[in-house]
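Chains as they are written, first to last, in the numbering used here: chain D, 1 to 259; chain C, 1 to 356.
Note that beta-carbon positions come from the ideal geometry of N, C-alpha and C, so glycine has one too.
A short write-up of the structure that comes next.
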Amino acid sequence: MADNISVKDIIKPENLVHKRSSVMTDNIMHYCPGCGHGTTHQILAEVIEEMGIQQETIGITPVGCSVLMYNYLDIDMQEAAHGRAPALATAIKRLLPEKYVFTYQGDGDLAAIGTAETIHSCNRGENILIIFINNGIYGMTGGQMAPTTLEGMKSSTTPYGRDVKLMGNPLKITDIVATLPGTYYVTRQSVHKPGNVRKTKKAIRKAFEYQKHNKGTCFIEVVSNCPSGWKMTPVESNKWMEENMFPFYPLGDFKVPEE
Amino acid sequence: MEKELRLMKGNEAIAEAAIRAGTDAYFGYPITPQSEVLEYLTAEKPHERTGMVVLQAESEVAAINMVYGGAGCGKKVMTSSSSPGVSLKQEGISYIAGAELPCLIVNVVRGGPGLGTIQPAQSDYFQATKGGGHGDYRLIVLAPSSVQEMADFVELAFDLAFKYRNPAMILSDGAIGQMMEKVWLKPQKERKKELPAWATTGKTPDRERNIITSLDLDSYKQEQFNIKLQEKYREIQEKEVRFETFQCDDAEYLLVAYGTSARVSQKAIQLAREEGIKAGLLRPITLFPFPSTEISEMANRIKGILSVEMSAGQMVEDVRLSVNGRVPVEHFGRMGGIIPTPEEVVENLKTKIIGE
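Here it is in structure tokens:
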């Protein structure tokens with residue numbers, strides 16, 4: 001295809017196949033090359049744009065790599081203490097029930113320090129969307145063991161690999177959340193390939209639609225990579241994710257409403 | 001709902017006053033001796049009365065972070081707890097102060113440290129007035145000494161919190177929370193419909209997005225923010241000091257006490273005067289800002305000060321700083337949930353200050 005289309009033609013508006021969402025700001029992202037956060041931000045912004053709910057959406061950022069997410073999305077946002085985003089979201093949604101409220105949290109934030117808030121907000125069936133980025137590591141603090149770090153996986157606090165006898169097993173919190181009566185839609189996706197990006201975007205769209213109808217908590221896990229923390233190139237990290245993360249955290253729906 | 005005279009517990013008065021003040025939400029967790037706040041609110045169905053949200057959270061930690069979220073939307077939001085629970089809230093309180101959000105936190109203090117006791121104490125003074133959580137911040141701290149003040153201070157605390165975009169605390173104790181007194185309740189106020197311009201209510205095209213955060217990775221900006229906070233606290237110190245004096249005009253000796261201790265001290269002054277000791281009482285109503293200037297002026301015409309507290313001696317440090325060595329300042333207090341008797345106070349005034 002590149003043989004019969006020139007650069008001049010490629011940049012013509014009518015040939016545009018991908019653009020930055022108008023819900024994204026002009027700020028330069030701080031994420032490492034190859035990281036899944038940027039893609040997930042983009043599709044989240046696209047859904048908000050396509051649904052026309054920019055004025056109605058309030059997001060909550062976590063402590064972790066995505067702590068500065070409010071620099072990239074052009075919506076009202078609150079920055080929560082480590083692990084507490086679902087508590088903030090609970091209050092915001094109950095006080096402004098007509099708004100769309102989502103949290104965006106990493107594995108350490110959501111599945112370690114914030115486990116209680118995660119479980120209880122899901123169990124109460126708060127009408128919020130929780131987006132859970134699982135890359136099996138604490139990225140921002142420099143690659144320490146996360147609750148989701150795989151058995152044998154190296155991190156800066158498991159330099160010889162995670163010994164489950166000593167450090168416990170990787171936590172499949174999405175499986176737990178799916179068993180709670182308060183959750184309405186629970187799924188696990190990824191953003192490492194175009195097809196997966198489309199699926200994840202569709203899941204986010206569905207979750208916001210459900211929120212409009214007060215169906216309960218929607219929970220989307222995105223299994224992601226951390227090239228810097230895993231000490232791999234972006235390409236290597238995606239391959240490693242497919243070979244190691246996906247077998248333990250298989251992609252797919254946990255709980256899908258009957259329609 | 002009209003102005004009304006009722007016989008109520010201090011905790012119930014706080015709850016009813018919160019509904020009548022037009023509070024938008026309460027998030028709490030049970031702990032003795034303040035559980036009546038949450039119990040009263042759930043029984044009263046304020047959602048039907050005013051649309052107020054009431055939710056029992058999974059922990060004190062979740063409750064204070066719900067307060068953060070609600071306050072970030074510009075709503076009038078509160079929580080209440082007792083000492084161990086308020087310790088758990090400290091991280092959230094620091095974030096709320098750092099994000100400059102207005103809210104109300106009620107601490108019905110019990111004896112500590114640790115699980116301590118469920119009986120009244122005043123041993124959380126340091127925690128309430130010096131920060132409590134991490135970082136350089138202050139709360140506006142109001143100390144009620146009656147059930148009436150429990151009710152009245154809800155609205156006052158919210159007014160001050162919104163005026164300065166700063167968390168406010170009502171620092172009560174188990175005695176004031178549990179005892180019943182008559183209380184005049186104010187008429188029902190409507191919940192405010194207009195939300196502040198800084199609140200996260202959904203970004204409209206006519207403004208930039210609103211961000212509620214306490215984070216700034218740029219050290220220079222973070223220092224500038226801290227300087228701004230300190231300026232705010234100085235303004236609060238200048239403008240918002242509240243206190244009450246009792247028989248201070250001719251006093252030779254001064255008792256300084258707040259809350260339950262102030263009630264005991266008032267009786268102690270009566271006993272002392274019967275013995276010919278000219279004692280007076282200064283009762284700080286705001287613990288931050290502390291009435292330092294007023295105590296300092298008083299020190300020019302009295303012989304000595306006794307700080308009466310149900311603690312090992314916490315407020316006494318602020319009294320000493322106010323006086324700066326000009327007259328003797330000593331502390332008397334009981335701990336572990338014991339309320340001192342007026343006789344004990346007079347005895348200690350004699351031995352520690354008068355020198356008998």
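Contact between M315(C) and S322(C) is ruled out by a C-beta separation of about 10 Å, above the 8 Å threshold. Using a 10 angstroms sphere on the CB of Q224(C), the tally of other CB atoms stays under 16, which defines it as exposed. In chain C, no part has a C-beta under 8 Å from the C-beta of M29(D); the shortest such distance is about 15 Å.
At a beta-carbon threshold of 8 Å, the residues of chain D lying near M66(C) are A87, L88, T90, A91, ordered along the chain. Around T57(D), the beta-carbon contacts reaching into chain C at under 9 Å are G202, K203.
Within chain C, the C-beta atoms nearer than 7 Å to that of I75(D) come from K203, R209, in chain order. For G280(C), the enclosing beta strand (DSSP E) starts and ends at 279 to 284. Ranked by Cα distance from P167(C), the first of E44(C), G174(C), Y137(C), Q178(C) is Y137(C). Only A116, E117 from the stretch 100 to 119 of chain D bring a Cβ to less than 7 Å from some Cβ of chain C. Of all residues in the stretch 8 to 34 of chain C, only D24, A25, F27 place a beta-carbon less than 7 Å from a beta-carbon of chain D.
By DSSP's assignment, K255(D) forms a beta bridge with V186(D). Sequence-distant Cβ neighbours of G216(D) in its own chain, meaning closer than 7 Å and more than five residues away, are G125, N127, G182, T183, Y184. Below the 7 Å Cβ cutoff, chain D contributes no neighbours of E194(C), its closest Cβ being approximately 14 Å away.
A262(C) sits buried, since 16 or more C-beta atoms from the chains shown fall within 10 Å of its C-beta.
The distance from the Cβ of M150(C) to that of S123(C) is about 19 Å, inconsistent with a contact at the 8 Å cut-off. Rounded to whole angstroms, the separation of the alpha carbons of V191(D) and S6(D) is 29 Å. For L44(D), none of the residues of chain C pass the 7 Å Cβ criterion, the least Cβ distance being about 15 Å. For I60(D), at least one C-beta of chain C is nearer than 9 Å to its own C-beta. Annotation: N348(C) to P342(C) spans about 10 Å, alpha carbon to alpha carbon.
Between I133(D) and Y100(D), the C-beta gap is not smaller than 9 Å, which leaves the two residues out of contact.
Using a Cβ-Cβ cut-off of 9 Å, Y164(C) does not count as an interface residue toward chain D, since no Cβ of chain D sits closer than that to its own.
Inter-residue distance for P187(C) and E16(C) is about 11 Å (C-alpha atoms, whole angstroms).
Cβ proximity to chain C below 9 Å picks out nothing from the stretch 155 to 181 of chain D.
Interface annotation for the stretch 212 to 225 of chain C against chain D: I212, T213, S214, L215, L217, criterion Cβ-Cβ distance under 9 Å.
DSSP places D107(D) in the helix class (H, G or I) of the three-state scheme. Chain-order list of chain D residues neighbouring Y95(C): E79, A80, A81, R84, by C-beta distance under 9 Å.
At a cut-off of 9 Å, the C-beta of R94(D) has a neighbouring C-beta in chain C.
In the DSSP secondary-structure assignment, N134(D) is bridged to V223(D).
Three or more Cβ pairs closer than 8 Å define a contact, and the stretch 73 to 90 of chain D meets that threshold against the stretch 106 to 118 of chain D. Between V17(D) and E49(D), the gap from beta carbon to beta carbon reaches 9 Å or more. Relative to V256(C), the option among Y164(C), G280(C), E344(C) whose CA is nearest is G280(C). Around the CB of T90(D), 16 or more other CB atoms lie within 10 Å, so the residue is classed as buried. Listed in chain order, the beta strand (DSSP E) runs fully inside the stretch 211 to 250 of chain C are 243 to 246, counting runs of at least 3 residues. Taking CB atoms only, V37(C) has no neighbour in chain D less than 9 Å away. Per the C-alpha coordinates, the member of A251(C), P328(C), P144(C) positioned closest to N11(C) is P144(C). With 16 or more neighbouring CB atoms inside 10 Å of its own CB, T174(D) falls in the buried class.
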